[in-house]
Every structure is written in C-alpha cells, then in structure tokens.
Amino acid sequence: MAHKLNMETIVEKQREFFRSGRTIPVSFRLEMLKKLHRTIRNREDEIAAALEKDLGKCAFEGYMCETGLVLSELSYMMRHLRGFARKRRVYTPMPLFPASGYSIPTPRGNVLIMSPWNYPFLLTMSPLVNALAAGNTAVVKPSAYAPATSSVIADMLTQCFPSEYVAAVTGGREENAALLQQKYDLIFFTGSHTVGQEVLRCASQRCTPTILELGGKSPCIVDSTAKLSLTARRIVFGKFLNCGQTCVAPDYILCQREIKDALVEELKKEIRRQYGENPLSEPNYGKIVNRRHFDRLRGLMDSGVCVFGGECREETLQIAPTILDRVNWEDAVMEQEIFGPILPILTFDRVEEIPELMADRPKPLAMYLFSQNRGHIKTITEGCTYGGGCINDTIVHLATPHLGFGGVGESGMGAYHGKIGFDTFSHLKSIVDRKTWMDLPMRCRPYRKIYGKLLRLFLR
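Residue numbers 210 to 669, in the working numbering, belong to the letters of the sequence shown in order.
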C-alpha cells in the first residue's frame with residue numbers, strides 16, 4: 210500500500226514520472242480515464258458496502274450521490290477531453306501584426322488531493338478525474354473518518370495505476386501533516402474551514418496554488434410566493450440527505466414571516482412522507498459519522514424550540530430529522546455550520562432586506578431561493594454573494610458538469626467539475642507567435658513622429 214511508503218519518496222517518484230512526459234498525450238489520459246471508469250463499474254458493490262459501513266448510506270443513495278456522479282464526470286470528461294486540451298486561438302491586436310495568439314492548456318504537474326468524510330468517494334474521485342484529464346500525477350488522501358471507503362479507494366487506485374502516477378495515502382493527522390510538508394504544483398482540499406486554513410498556511414510557505422472547497426451556513430430563502438408543498442419536498446430532500454452531512458445542504462431556512470407556520474406544517478408533512486413516522490427505524494436512514502459530531506449536534510438542539518423530531522439513538526449514532534422554531538441569530542445553532550439533520554427556521558419581513566442581512570455574515574458556499582417573483586429572484590441572485598445555488602430547488606447545482614462548483618470568500622476559492630475542473634488543474638500557457646516575413650519598425654529606436662501617431666491610432 211502506498212501509505213506505507215515515505216511521503217517524500219512518493220512525491221519525488223511522481224515528479225520524475227511527470228517529467229518523463231508520459232501524462233502529456235491526450236491518448237494516454239483517455240486510456241487512464243477509461244481504465245478508472247471500468248474499475249469503478251466493476252467494484253460498485255464494494256463501494257456501496259463501504260459507504261453503508263461508514264455513513265449508513267443505502268445503495269440507492271450511494272449511487273445517486275457518489276458513484277453515479279463520479280461515473281458521469283468520467284463519461285463527460287472522456288467525451289470532451291480532446292476539445293478541452295486543444296490549442297485555444299485568440300484575437301491578436303494590430304500592433305503585433307504579423308502574429309497569432311493562442312493559449313495551450315498544460316498540466317500543473319504533481320497535485321495533492323485531500324478529501325472529507327461526508328461524501329468520501331465522490332469528493333475524492335471527482336477532483337481526481339479532473340486532475341488526470343488535465344495530465345497531472347496525483348497523491349490522493351481520503352479521510353480517516355471514512356475508513357471503509359478510504360480502504361476501497363486505496364485498493365482500487367493501486368489496482369488501476371502505478372504509485373508514481375496516482376498514489377493513495379491513508380491514515381490520519383500524522384499522514385496529513387507529512388503530506389503537507391512536501392512540494393506540489395497544486396493542492397486541492399475539500400473539508401472544514403479550520404483545516405483549510407492550515408492547508409493554506411502550509412501551501413503559502415512554498416507559494417503553492419491551492420483550491421479550497423470549504424462550507425458555511427448556506428441559507429434557504431422562502432418568500433410568500435413560493436409553492437409551499439413543492440418547496441417543502443425539495444428542502445427536505447436537500448437538508449436531510451446523508452443526514453444533513455452535506456457541505457451544500459440548506460443550513461437554515463429564512464422565510465417570510467407571514468408563511469412560516471404554513472411552511473413548518475408542510476415540512477412536517479414532507480418529512481413523514483419521505484422518512485416515515487419513525488425515521489430512526491427506517492433501514493435506509495443513515496447515521497452521524499462519529500460520537501464527537503453526534504454529541505455536538507445534540508448540544509445544538511438546545512437552541513430555540515424543537516417543533517418536530519429531536520429523537521436520538523446513541524447506540525447507532527442517529528438523530529431524526531429535526532425542525533427548530535423561534536431561533537435567533539445569536540443562538541448556538543446559528544454560530545457554526547450544523548452539518549447534521551437539524552433545521553432552524555428564522556424569518557424576515559421584506560426580500561429587499563436580505564442582501565444587507567447577508568452582507569455582514571460569512572459568504573456561504575450555497576444559497577437557495579424559493580420564489581415565483583422574478584424581481585425577488587433578481588434581488589437575491591444579484592445582491593448576495595455566495596458560491597452557487599438553485600432557484601426553487603436545493604443542492605442539484607453540483608450535479609452538472611456544465612457548471613463549475615466552488616465557494617467564495619470564507620466558503621472557499623477556486624472551482625471544479627467539467628471544463629472548469631479541467632482548467633483548474635491546468636495552466637493556460639499564453640503564446641504570441643510572431644511571423645518573420647515582415648517586421649514593423651515603429652517600436653524600435655530611433656522613435657519618429659509618424660510612429661507616435663501610428664501608436665496612438667493603435668493603442669486607444
């Protein structure tokens with residue numbers, strides 16, 4: 210296993226492999242992506258079993274939210290890779306005549322990918338797909354909090370690739386620290402804000418470009434024009450998927466005061482419809498990842514008033530879908546990202562006040578708006594700063610390779626998925642190709658008055 214090798218040796222071997230030029234041809238990249246696609250298809254059952262063991266995810270949810278999305282990203286990248294990797298011609302200004310300008314996507318080199326536990330397969334493999342498509346070598350560090358999935362990932366990548374091309378390093382904080390001491394050409398990190406700060410600090414010592422996919426308190430805004438039954442269905446899906454342990458889950462609802470009671474009733478109805486009268490007895494309902502997070506979440510339920518759910522089962526680390534009403538901005542549940550099946554509800558009076566309300570808070574990774582009013586939609590989408598989101602739905606914006614996914618400000622920097630992901634793991638090398646059959650003399654000394662007039666004609 211790669212994790213038993215010296216970290217410095219792993220990285221140096223990958224650097225040598227990259228310098229050999231083997232990753233540059235598009236044909237090689239396509240071959241590796243196809244190989245990875247076949248391997249994932251052949252080991253779907255193992256991946257599903259590991260996700261169930263780590264997080265209690267049922268096979269349907271594991272495929273829908275993890276394995277299937279990785280396969281979709283692979284398929285998309287294999288279809289479009291030749292086009293993404295082509296020379297990109299641009300307009301060349303007249304003062305440079307005769308010449309042509311273009312950019313060439315070139316691999317960054319050796320990259321480090323560090324992933325979290327909540328979607329351990331998706332958030333490890335999806336950036337890896339982008340990295341390999343762009344022609345890089347990669348060291349992959351899955352989360353120690355999802356040991357079964359991390360083990361499957363390490364075994365699968367060892368089966369697929371030599372460690373000098375792709376190496377999986379398992380383990381915990383000691384391995385993380387050792388990896389961050391090495392030199393890379395790019396670091397891609399998904400996880401908490403606190404750990405992200407440490408990754409950025411280590412990267413800054415070598416001026417290593419870093420992509421941070423963090424989180425934050427993603428609001429779900431509901432105005433008085435929203436279709437409440439459909440709104441409730443889509444909020445319940447997005448919030449309680451993976452027991453709320455989703456970086457883009459609606460963290461809290463901010464709804465117009467006049468519809469709050471009706472919305473709460475619709476949410477209760479929808480939770481019963483999707484999870485039954487006793488969610489903790491449902492065989493497909495997942496669990497909190499570990500005891501520490503379980504205890505933290507139970508503490509957050511002291512905020513406001515629990516108007517639905519609240520049941521906990523210590524022996525299985527499960528918490529039922531829970532709605533908290535009469536919550537204030539100063540409550541503990543509003544001071545940190547919840548990352549669990551607890552849904553606080555706050556209110557507002559006018560949509561126009563929301564941009565100012567959000568301006569003083571950390572920029573969220575996602576924002577969701579339920580409204581039929583185009584003016585309200587424009588006010589929120591143009592007036593608030595956030596990574597991405599949906600109108601009249603939740604979380605599905607991350608499921609398309611045609612849109613980049615990433616945060617802004619405190620919720621992260623950089624983006625990936627599809628072409629944007631390919632470009633993230635590439636360096637666009639800019640080139641001007643000057644022709645030799647003619648040379649305009651006006652830029653060279655001695656300067657002449659006519660050259661000055663021509664210069665002003667061209668550069669204005």
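Every residue gets a Cβ at the ideal spot worked out from N, C-alpha and C, and that includes glycine.
State the Cα-Cα distance for the pair residue i and residue j, rounded to the nearest angstrom.
i, j, result
"Gly425", "Glu544", "10 Å"
"Glu561", "Asn499", "41 Å"
"His212", "Leu341", "Only weak support exists for where His212 lies, its pLDDT of 45 falling under 50; the value from the coordinates is given anyway. So the two alpha carbons sit approximately 20 Å from each other."
"Phe397", "Cys429", "28 Å"
"Ile219", "Met365", "18 Å"
"His585", "Asn601", "12 Å"
"Tyr461", "Glu539", "14 Å"
"Leu663", "Arg654", "15 Å"
"Gln223", "Met216", "11 Å"
"Met210", "Ile313", "Low confidence applies here, because Met210 scores a pLDDT of 43, under 50, leaving its location unreliable; read the following figure in that light. Distance between the alpha carbons of Met210 and Ile313: 36 Å."
"Gly549", "Glu523", "15 Å"
"Ala441", "Lys296", "47 Å"
"Arg507", "Gly292", "50 Å"
"Tyr674", "Val641", "Here the chain has residues from 210 to 669 only, and residue 674 is not among them."
"Glu221", "Thr417", "16 Å"
"Cys649", "Cys274", "Per the sequence presented here, residue 649 reads as Leu, with Cys not at that position. Taking the straight line from one Cα to the other gives about 59 Å."
"Arg652", "Tyr660", "8 Å"
"Cys267", "Asp254", "11 Å"
"His693", "Ile233", "Because the chain is modelled from 210 through 669, residue 693 falls outside the range shown and cannot be assessed."
"Met287", "Ile563", "42 Å"
"Ile604", "Thr276", "17 Å"
"Leu509", "Lys244", "45 Å"
"Ile589", "Met303", "42 Å"
"Cys452", "Gly400", "17 Å"
"Ala608", "Glu383", "33 Å"
"Pro530", "Ala458", "13 Å"
"Asp537", "Pro316", "Note that residue 537 is Asn in the sequence shown, not Asp. Going from the Cα of Asn537 to the Cα of Pro316 covers about 48 Å."
Measuring CB to CB, does residue i end up less than 8 Å from residue j?
i, j, result
"Val338", "Leu242", "yes"
"Leu552", "Lys638", "no"
"Gly615", "Gly621", "yes"
"Cys369", "Leu389", "no"
"Val279", "Ser324", "no"
"Leu476", "Ile532", "yes"
"Ala343", "Ser635", "yes"
"Asn251", "Gln454", "no"
"Ser580", "Asp432", "yes"
"Val349", "Thr367", "no"
"Asn345", "Val378", "no"
"Phe557", "Arg443", "no"
"Thr594", "Gly627", "no"
"Ser512", "Val542", "yes"
"Ile547", "Asp534", "no"
"Pro573", "Gly592", "no"
"Phe517", "Ile468", "no"
"Glu240", "Glu373", "no"
On the DSSP bridge assignment, give the partners of residue i in chain order.
i, result
"Pro316", "Ser635"
"Lys365", "According to the sequence as given, residue 365 is Met; it is not Lys. Answer is none; Met365 lacks a bridge partner."
"Leu555", "Leu463"
"Leu321", "Val348, Ile396"
"Ser512", "In the DSSP output, where bridge partners are listed per residue, Ser512 has none listed."
"Asp534", "Val514"
"Ala377", "Val349"
"Gln527", "Arg522"
"Ser309", "Asp642"
Excluding the five sequence neighbours on either side, which residues of its own chain have a C-beta within less than 8 Å of the C-beta of residue i, listed in chain order?
i, result
"Arg298", "Ser309, Gly310, Tyr311"
"Ser284", "His246"
"Pro571", "Gly425, Lys426, Gly618, Glu619, Ser620"
"Ile249", "Ile256, Thr276, Val279, Leu280, Leu283, Met334, Met365"
Among residues of its own chain, excluding the 5 on either side of residue i, which ones have a beta-carbon nearer than 7 Å to its beta-carbon?
i, result
"Gly598", "Ala575, Met576, Tyr577, His606"
"Pro329", "Asp263, Pro351, Ser352, Ala355, Thr358, Ser359"
"Leu668", "Pro304"
So, for residue i: in the same chain, excluding its five sequence neighbours on each side, which residues have a beta-carbon less than 6 Å away from its beta-carbon?
i, result
"Gln527", "Leu489, Lys496"
"Gly318", "Phe227, Asp394"
"Gly271", "Ala257, Leu260"
"Leu421", "Phe398, Gly405, Gly621, Met622"
"Lys392", "Arg415"
"Gly265", "Gly495, Lys496"
"Arg643", "Ala308"
Any beta-carbon of chain D closer than 8 Å to the one on residue i?
i, result
"Arg507", "Although the question refers to chain D, the structure presented lacks it and comprises just one protein chain."
Beta strand (DSSP E) segments (min. 3 residues) lying fully within the segment 232-298
Counting whole runs of 3 or more residues, the segment 232-298 contains no beta strand (DSSP E) stretch at all.
Go through the segment 417-497 residue by residue and report every complete run of the alpha helix (DSSP H) that reaches 4 residues or more, in order.
437-449, 469-484, all fully within the segment 417-497.
So within the segment 566-625, which uninterrupted alpha helix (DSSP H) runs reach at least 4 residues, ignoring any that extend past its ends?
Qualifying alpha helix (DSSP H) stretches, in chain order: 583-592.
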